[in-house]
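Heads up: the sequence shown begins at 10 in the working numbering, then just goes up one per residue.
Where a beta carbon is used, it is the ideal one built from N, C-alpha and C, also for glycine.
Please read the structure below before turning to the comments.
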Amino acid sequence: MFMNNCVISLTDLNKSFINGAGSNHVLKQVNFSVYSGEMVAILGQSGSGKSTLLSIMGLLDTADSGHYHLCGQDVSSFSAYQMSQLRNSHIGWVFQNFNLIADMTVAENLSVPLRFNSSIKQADYEAKINQVLDEVGLREKTAFYPAELSGGQQQRVAIARALICQPDIILCDEPTGNLDSSNSNNVMELLSTLHQEGKTVLIITHDPAVAAYCQKAYKIHDGEIAAVSPLEFKHAV
Ligand SMILES: Nc1ncnc2c1ncn2[C@@H]1O[C@H](COP(=O)(O)OP(=O)(O)OP(=O)(O)O)[C@@H](O)[C@H]1O
Ligand SMILES: [Mg+2]
10 MFMNNCVISL TDLNKSFING AGSNHVLKQV NFSVYSGEMV AILGQSGSGK
60 STLLSIMGLL DTADSGHYHL CGQDVSSFSA YQMSQLRNSH IGWVFQNFNL
110 IADMTVAENL SVPLRFNSSI KQADYEAKIN QVLDEVGLRE KTAFYPAELS
160 GGQQQRVAIA RALICQPDII LCDEPTGNLD SSNSNNVMEL LSTLHQEGKT
210 VLIITHDPAV AAYCQKAYKI HDGEIAAVSP LEFKHAV
């Protein structure tokens with residue numbers, strides 16, 4: 010599915026980190042757009058700035074200069090509260106190490122984003138939780154703790170958590186990095202289904218098999234981002 014509707018637009022974006030060795034200019038005048046309904050892979054060597062870029066797009070971090078338009082809104086001047094509201098309603102996050110809360114059950118983990126979303130009533134929590142667990146095929150695990158699930162199941166719960174506030178964009182930072190190939194395929198099939206249902210999906214990966222699920226791929230190198238063709242997937246990591 011492709012609609013000419015830009016959901017993520019980065020213009021002349023810069024990000025540096027200051028450390029003991031001086032300043033590390035990680036993102037240099039980056040220009041990058043993602044359109045509604047795209048499924049995009051972001052590749053690049055370790056330390057090239059992939060997570061930094063995704064953190065800025067996911068409103069977990071801010072750039073030093075440049076502009077970021079998310080769904081048409083310039084977030085560069087937003088307050089932390091406005092950013093968290095925008096993040097909660099537009100973006101679902103999926104991380105390599107799942108980031109589930111160990112002493113909460115699956116249902117309790119899934120309730121966390123709901124508590125930060127004032128437009129969802131508490132009376133509707135159970136139905137919302139059941140709906141996303143059905144989507145990821147884990148309804149029977151509602152009362153389980155994360156440690157009682159396989160890695161693949163934990164990642165599917167994390168995807169359910171990413172979906173629960175009905176975001177239009179799913180950002181995944183190496184979602185299959187801790188999974189074997191069978192679980193990795195399951196997670197990618199699930200993300201592909203979400204993409205086919207209309208979600209915009211961005212995936213950081215080192216794995217050409219994961220990138221091959223995406224219609225577009227970009228590579229970060231020396232602080233710059235450039236499109237790579239699917240044929241280059243094998244050589245891009
Ligand atoms: N909070 C921070 N403070 C200082 N330097 C940082 C910080 N976060 C990232 N960096 C530096 O920025 C660069 C890019 O880091 P980033 O995590 O974006 O890389 P990456 O491409 O995601 O790598 P990997 O594939 O290993 O996850 C690295 O040199 C890293 O050391
Ligand atoms: Mg990273």
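Between the C-alpha atoms of E226 and P217, what's the straight-line distance to the nearest angstrom?
Per the sequence shown, the amino acid found at residue 226 is Ala instead of Glu. Those two C-alpha atoms are separated by around 10 Å.
Go through the region 156-216 residue by residue and report every complete run of the beta strand (DSSP E) that reaches 3 residues or more, in order.
178-182, 209-213
On the DSSP bridge assignment, give the partners of M48 in chain order.
V210
Near ligand 1, which residues have their beta-carbon closer than 6 Å to a heavy atom?
F26, N28, N33, V35, G53, S55, G56, S57, G58, K59, S60, T61
Report the residue from M113, Q38, G56, A221 whose alpha carbon sits nearest the alpha carbon of S238.
A221
Every unbroken alpha helix (DSSP H) within the region 11-78, with a cutoff of 4 residues, ordered by chain:
59-66
Give the single residue among T20, M197, V145 whose Cα lies nearest to the Cα of C223.
M197
Can you tell me whether DSSP reads A221 as helix, strand or coil?
coil
If I'm right that C174 touches L200 with Cβ under 8 Å, what's the distance once you round it to whole angstroms?
About 17 Å separates the two Cβ atoms, so there is no contact after all.
Please report the straight-line C-alpha distance between S93 and F107, rounded to a whole angstrom.
20 Å
What residue from G81, K24, I178 has the CA that sits closest to D70's CA?
K24
I138 (DSSP reduced to helix, strand or coil)
helix
Exposed unless 16 or more other CB atoms sit within 10 angstroms - verdict on M12:
Caution is warranted here: a pLDDT of 42 is assigned to M12, below 50, making its placement in the model unreliable, and the coordinate value is therefore given only provisionally. Under this definition M12 is an exposed residue.
Can you tell me whether K208 is buried or exposed? The criterion is at least 16 other CB atoms within 10 Å of its CB, across all chains shown.
buried
Would you decide whether E157 is buried or exposed? Buried here means 16 or more other CB atoms lie within 10 Å of its CB.
exposed
Determine the direct distance from the alpha carbon of G29 to that of M10, and round the result to whole angstroms.
With a pLDDT of only 38 at M10, under 50, the local geometry of the prediction cannot be trusted, and the value read off the model is given with reservation. Answer to the nearest angstrom: the Cα atoms are 46 Å apart.
In angstroms with no decimal places, state the Cα-to-Cα distance between V121 and N139.
14 Å
For K130, which of helix, strand or coil comes out of DSSP?
coil
Cross-strand partners of G101 (DSSP beta bridge):
I179
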